[in-house]
Amino acid sequence: MKKYVYVGSFGFLGAILRFTIKNIKIKDYTGQIPINTLIINVTGSFFLALILTLTLEVYKVREEVKLGLTTGLLGTYTTFSSLCREEVNLILNGNYYSAFTYILMSILFSSIAIFIAITISKMVARKRNDANLD
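All the letters of the sequence shown, read from the start, carry residue numbers 6 to 139 under the numbering used here.
Printed below as a string of structure tokens:
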């Protein structure tokens, strides 16, 4: 039962955070690509990889807390459904280049963010292991 409370509570925070970032007006941005959703999904990918790697390799975290952070917070923060809806809108409006670019950027930037998060986590793990050897 605890895991449901954690997922629900953190999910509430993730939804509020996504809603807040989605509604930020980026000054002087006039492009077709939904930049706010791109930012949300890339940062969400980074933090998901960071949390999962750190909790697997460095820190012991209770399972319900990990579920709350990953499934709850980051699951509601990131938004594949918004990406799909925005992709369809771009295509329906004839913005094929922007649609293709948006998907490509989403996949590429999220993958880079995941790689960076894993690299950071492994560095933290190494430093922690080195400190424990002293």
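Quick reminder that beta carbons are idealized off the backbone N, C-alpha and C, glycines included. The model shown is predicted, which means the values in this text are computed figures rather than measured ones.
Residue environment, residue i, which counts as buried when at least 16 other CB atoms sit within 10 Å
i: Glu68; result: exposed
i: Arg131; result: exposed
i: Thr81; result: buried
i: Leu97; result: exposed
i: Gly99; result: exposed
Beta-carbon proximity check, residue i vs residue j, cutoff 9 angstroms
i: Val106; j: Ile45; result: Looking at the sequence shown, residue 106 is not Val but Thr. No. Outside cutoff.
i: Val70; j: Tyr11; result: yes
i: Phe15; j: Leu78; result: yes
i: Ala54; j: Ser111; result: no
i: Leu95; j: Tyr101; result: yes
i: Lys32; j: Thr42; result: no
i: Phe120; j: Val47; result: no
i: Thr35; j: Leu57; result: no
i: Leu59; j: Val129; result: yes
i: Pro39; j: Ser87; result: yes
As assigned by DSSP and simplified to three states, the class of residue i
i: Val70; result: helix
i: Asp135; result: helix
i: Ile38; result: coil
i: Lys127; result: helix
i: Tyr101; result: helix
i: Ile44; result: helix
i: Lys30; result: coil
Through-space distance from residue j to residue i, alpha-carbon basis
i: Leu22; j: Arg133; result: 31 angstroms
i: Lys65; j: Phe51; result: 20 angstroms
i: Gln37; j: Asn137; result: 50 angstroms
i: Thr124; j: Met6; result: 34 angstroms
i: Phe24; j: Gly13; result: 16 angstroms
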